[in-house]
Amino acid sequence: MDSWWRRFGWLTNVGLALVALNVLHAFGLAAQGTIGLLDLVLVASGVAQHPRVEHWLKGGDQQSRAAMWRQAAVGAVLTSSASYLTGWGPLLGIGFVIFASNMMRIAGARSWRAILCTSVVTAAAGQAGIALGWVPTYVSPVTAQTVGTLGTLAAALTIRILGLTTADRERATAERIHVERELRISAERASRTENRFRVLVQDSADVISVTDASGHVGYVSGAVEHVLGYPVEDYSRLAGIDLIHPDDRPASFALHRALLSGIPQDRAELRLRHADGSWRWHEVVARNMLDNPAVEGIVWNHRDITDRKHYQERLAYDATHDALTGLANRSAFLQALERACAADRPGQGAVLYLDLDGFKPINDRLGHAVGDASLVAAARALQTCAPAGALVARLGGDEFAVLLADVRTADDAVAVAARVTDWLAEPVPIDGHLVQIGASIGIAMRLGDHADADETLRHADLAMYRAKRERQRWHLYAAEPRLPV
């Protein structure tokens with residue numbers, strides 16, 4: 340209906356106005372002698388209301404200042420002409436107000452000054468036409484001038500008030516639209532931020548939880564299900580301390596106390612129980628946000644670092660152990676020997692320095708694989724023969740050492756050496772070969788009394804070479820003239 344009225348309403352208005360004025364003219368109440376010209380003006384007014392003509396008068400979509408004045412001038416001329424040609428022009432100042440209202444509805448409040456100027460000018464022209472006798476009127480000349488002047492002033496004042504009121508309304512509307520737009524943008528931005536946060540938290544590989552000061556879980560992210568295996572609902576009901584390894588609970592308590600004492604953020608590495616019963620290492624970062632109204636809790640962010648811990652442990656193991664035999668390496672043995680020499684022990688302690696006999700021919704004749712297997716077999720023999728608490732190490736090549744920190748007498752150390760040589764004297768089947776592995780062992784005593792680790796190991800080495808030179812199974816170092824190495 341609105342579309343139809345927009346396209347054909349102007350034609351209806353013109354038709355009704357023509358019928359009304361021609362009826363009044365027939366009764367002698369309008370347009371004395373000017374009915375034809377009046378009809379032409381009415382038709383022109385209707386044409387000016389056609390959407391395409393109206394669009395042209397406005398200057399298209401740009402609504403330039405010149406186009407606005409052109410539209411105001413055309414409208415004012417047609418309104419003034421129609422009013423004065425009826426013969427009642429001085430009494431029809433209200434027509435300018437109606438024209439102003441319609442134009443401001445189309446062009447906006449900024450057009451009120453153009454409407455006011457063009458209306459006053461065309462009204463003045465109509466009054467001049469009456470004074471000169473060019474325009475017919477049904478009232479006396481004096482009344483026409485008086486009423487016309489007052490009507491024009493009243494219309495001008497009304498147009499000004501209407502323009503300012505419309506401007507205020509447009510300004511308020513623009514501000515409301517601006518505020519609504521800003522609120523909508525803010526709401527959309529907040530919604531995007533919330534959605535982004537939800538996606539980042541829910542899809543994060545880290546578990547994020549919020550607890551109160553006493554440790555009760557108020558929120559936990561969905562990552563807990565694939566990190567620890569607990570559904571969110573089940574995890575929220577669990578007591579957090581029950582998930583922590585007993586050995587790590589003191590560190591957990593210390594972390595919690597630190598946060599409550601005023602430290603804003605702290606971290607720890609704890610073992611947490613997985614839903615499958617296994618213990619998993621977690622790096623835990625906690626922040627005290629109890630005073631933040633948006634959180635009001637302690638935020639715990641933790642991730643599974645079990646693989647990293649195992650890798651670090653493997654690196655530490657490799658740094659202190661021989662790759663072939665799994666025994667302690669030379670570095671680890673020397674560190675343990677230094678600690679034993681520095682300790683205040685009731686017993687003397689001893690070091691066995693062992694070198695395999697005939698290893699090079701085995702390696703050269705049967706190959707490196709059999710040679711390596713022979714070293715492994717020797718390592719297992721040493722571990723079997725050494726007493727509990729002893730440290731067995733491979734120093735390099737076919738050389739081994741045993742740290743007996745708790746033996747009290749030389750006889751105890753000799754007994755261990757005798758067991759080792761007896762064990763190694765037995766042939767060992769390796770890859771289809773019966774391999775004979777022998778050994779020469781040097782023994783050095785007295786690790787205490789601030790003995791030097793390097794000197795003690797050198798004494799055992801010298802004793803080993805003495806045993807090898809004299810074809811003994813073992814030899815006990817004693818304070819004697821230095822032997823050639």
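Be aware that the sequence shown starts at 340, since it is given in my numbering, and climbs by one per residue. Don't be surprised by glycine CBs; every beta carbon is placed ideally from N, CA and C.
DSSP lists His772 as the beta-bridge partner residues of Ile769.
In chain order, Asp605 place their CB closer than 8 Å to the CB of Ala597, counting only its own chain and leaving out the 5 sequence neighbours on each side. With a contact defined as Cβ atoms closer than 8 Å, Ile602 and Ser591 miss out at about 15 Å. In terms of Cα proximity to Arg619, the closest of Leu599, Ala607, Asp643 is Asp643. Measuring C-alpha to C-alpha distances from Ala732 to each of Tyr569, Ser670, Ser440 identifies Ser670 as the nearest. Counting along the chain, Glu738 sits inside the beta strand (DSSP E) bounded by residues 738-743. Excluding sequence positions up to five before and after Ile701, its CB lies within less than 8 Å of the CB of Val709, Gly710, Ser713, Val774, Ile776, all in the same chain and listed in chain order. Under the three-state reduction of DSSP, Ala552 is assigned to coil, being neither helix nor strand.
Distance between Phe435 and Asn441, taken at the CA atoms: about 10 Å. Three or more beta-carbon pairs separated by less than 8 Å are not found between the stretch 746-754 and the stretch 647-667, which leaves the two stretches without contact. The continuous stretches of beta strand (DSSP E) do not include Tyr656, which lies in the alpha helix (DSSP H) extending over residues 645-659. When the alpha-carbon of Cys724 is set against those of Val690, Asp761, Leu455, Val715, the nearest one is in Asp761. Take the alpha-carbon of Val416 and the one of Thr457: they are about 8 Å apart.
With a 10 Å radius around the Cβ and a threshold of 16 neighbouring Cβ atoms, Gln651 comes out exposed.
The secondary-structure analysis by DSSP pairs Asn627 across a beta bridge with Ile637. Met784 is the residue among Met784, Ala718, Lys699 whose C-alpha sits nearest the C-alpha of Cys680. Counting only runs that start and end inside the stretch 671-759, the alpha helix (DSSP H) elements of at least 4 residues fall at 698-705, 707-724. Residues of the same chain with a CB within less than 7 Å of the CB of Ala411, apart from the 5 flanking positions on each side, are Met442, Ser450, Ala453, Ile454, Thr457 in chain order. When the five nearest sequence neighbours on each side are left out, the beta carbons in the same chain lying within less than 8 Å of the beta carbon of Ala757 are those of Arg812, Trp813, in order along the chain. Beta-bridge partners assigned by DSSP to Ser779: Asp694. Annotation for Trp408: the continuous alpha helix (DSSP H) segment containing it runs 404-424.
In this structure, Ser560 keeps its C-beta atom at 8 Å or more from the C-beta atom of Ile580.
DSSP places Gln811 outside both helix and strand once states are collapsed to three, so it counts as coil. The three-state reading of DSSP puts His584 in coil, since its state is none of H, G, I, E or B.
Taking Val753 as the centre and dropping the five residues before and after it, the same chain places the C-beta of Ile782, Trp813, Leu815 closer than 8 Å to its C-beta, in chain order.
By the Cβ neighbour-count rule, Asp793 is exposed, with fewer than 16 other Cβ atoms within 10 Å of its own. Relative to the Cα of Asp751, the nearest Cα in the group Pro766, Pro726, Leu763 belongs to Pro726. For Leu611 against His621, the beta-carbon gap comes to about 5 Å, under 8 Å, which counts as contact.
By the neighbour-count criterion, in which a residue is buried when 16 or more other Cβ atoms sit within 10 angstroms of its Cβ, Ala667 is buried. The C-beta of Trp473 has fewer than 16 other C-beta atoms within 10 Å across all chains shown, which makes the residue exposed.
Counting along the chain, no alpha helix (DSSP H) covers Arg785, and no H or E run does either. Secondary structure note for Ala667: it is in no alpha helix (DSSP H), with a DSSP letter that is neither H nor E. Nearest to Leu743 by alpha-carbon distance, out of Val563, Leu721, Ala764, is Leu721.
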